[in-house]
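Engineer: The structure that follows is given in the form of structure tokens.
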Amino acid sequence: MAVVGFVGVGRMGGPMASRLLDAGYELCIYDVSPEALKPFAERGARVAASPAEVASQAEIVLVSLPTPDIVRQVALGGNAGIINGSKVRQMIDLSTTGPGVAAEVAGKLAERQIGWVDSPVSGGMTGAKAGTLAVMVSCPKKIFGEIEPMMKTFGKLFFAGEKPGMAQTAKLANNLLAATAMVATSEVMAMAVKAGLDPKLLIDIINASSGRNSATQDKFPRAILPRTFDFGFATGLSYKDVRLCVEEAEAMGVPMVVGGAVREMLAITRARFGADSDFTHIAKVLEEWAGVEIKG
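So the sequence shown is numbered by my numbering: it starts at 2 and just counts up by one.
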């Protein structure tokens with residue numbers, strides 16, 4: 002197989018890159034963290050000194066990065082950017098970048114005859130390791146056909162359309178709903194515990210009823226009731242995704258009253274526990290306000 006480039010082999014990118022190695026792909030990788038690179042070097046991956054060097058060894062370069070600004074910098078930034086690679090013909094963005102930055106970067110890359118694929122993923126670190134992610138893709142249909150076999154390594158594919166940013170819009174919509182479920186569930190659970198209800202019992206009731214959601218079915222049983230608060234998604238990243246969603250909606254003239262409230266709750270959680278805290282700490286904010294502990 003031809004060499005595949007991968008920039009950003011951290012919490013999400015690492016498991017996805019590892020799955021490519023497992024599938025027999027030869028990788029050329031770059032990351033700012035030497036510790037993140039080490040296990041891949043030990044497995045025979047080529048380690049590059051910059052994104053541009055990756056893009057000079059691979060025709061297809063995937064990136065998995067934490068923020069839109071970093072995606073822009075890695076793609077376009079100076080001599081070290083992917084845009085200056087001598088071999089690259091397609092860049093695939095697995096990050097949650099937002100449709101605005103996706104369109105901007107796609108336009109700049111097109112000037113150098115480099116194609117753009119936005120392909121944000123959902124399913125967390127667990128899904129990345131298991132290959133069960135929801136993989137949203139927007140790009141020309143011809144390109145989708147070429148990359149489909151490789152992208153199936155990560156999970157189930159959903160073709161969102163050909164326009165740059167369409168997959169990003171789908172991802173932002175999903176992440177806003179996930180964060181909303183987390184905030185609303187934390188509020189009702191704090192109320193229930195304050196009233197004397199057993200939190201595990203209420204979770205079981207909700208999951209058998211019409212209020213069930215991703216927080217009651219997964220996040221509370223896995224990370225909040227056992228008091229681990231280690232679901233695997235940072236508060237700062239959740240805030241970034243919700244902020245992007247609300248801003249994109251407002252730019253299109255779509256009011257987001259609930260989305261704005263969720264954004265504020267994430268801002269409060271980030272201020273209280275830090276951007277690197279797990280976003281399940283939203284529940285801790287409600288616990289402090291209510292004077293209760295949600296455990297079971």
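Even glycine gets a Cβ: it sits at the ideal position worked out from N, Cα and C.
Quantities reported herein were computed from a predicted structural model and do not represent experimental measurements.
1. If we count Cβ pairs, one from each stretch, closer than 8 Å, do we get three or more for the stretch 258–277 versus the stretch 104–123?
2. Are the stretch 244–256 and the stretch 141–159 touching by the rule of at least three beta carbon pairs closer than 8 Å?
3. Do you know offhand how far Ala-56's Cα is from Gly-86's?
4. Leaving out five residues before and five after Ala-174 in sequence, what residues of the same chain have Cβ atoms less than 8 Å from its Cβ?
5. Alpha carbon to alpha carbon, how far is Ala-196 from Pro-16? Give it in angstroms, no decimals.
6. Quick check: what's the CA-CA separation for Val-122 versus Ser-139?
7. According to DSSP, simplified to helix, strand and coil, what is Tyr-123?
8. Could you check the C-alpha separation between Gly-304 and Thr-68 for me, to the nearest Å?
9. Unbroken alpha helix (DSSP H) runs of length 4 or more, entirely within the stretch 13–46: which are they?
10. Just tell me which of Asp-279, Leu-177, Ala-103 has its CA closest to the CA of Met-257.
11. Extract the residue ranges of the beta strand (DSSP E) inside the stretch 51–78, only unbroken runs of 3 or more that lie entirely within it.
12. Is the beta carbon of Val-4 sitting closer than 7 Å to the one on Ala-59?
13. Closest to Glu-36 by C-alpha separation, out of Glu-54, Ser-239, Gly-9, would be which residue?
14. Please give the ranges of any alpha helix (DSSP H) in the stretch 178–241, keeping only runs that are unbroken, at least 4 residues long and fully inside the region.
15. How big is the Cα-Cα spacing for Asp-119 and Ile-71?
16. For the alpha helix (DSSP H) containing Ile-148, list its first residue and its last residue.
17. Which residues mark the beginning and the end of the alpha helix (DSSP H) in which Phe-274 is found?
Structural biologist: Reading from the atomic positions:
1. no
2. no
3. 4 Å
4. Cys-246
5. Roughly 42 Å separates the two Cα atoms.
6. 12 Å
7. This sequence places Ser at residue 123; Tyr is not what is there. Strand at Ser-123.
8. What is shown of the chain runs 2 to 297, which leaves residue 304 out entirely.
9. 14–23, 35–43
10. Leu-177
11. 61–64
12. Here Val-4 is near Ala-59, since their CB atoms are less than 7 Å apart.
13. Gly-9
14. The alpha helix (DSSP H) runs lying completely inside the stretch 178–241 and spanning 4 residues or more are 200–208, given in chain order.
15. 15 Å
16. Per DSSP, Ile-148 belongs to the alpha helix (DSSP H) from 142–152.
17. Unbroken alpha helix (DSSP H) run through Phe-274: 258–274.
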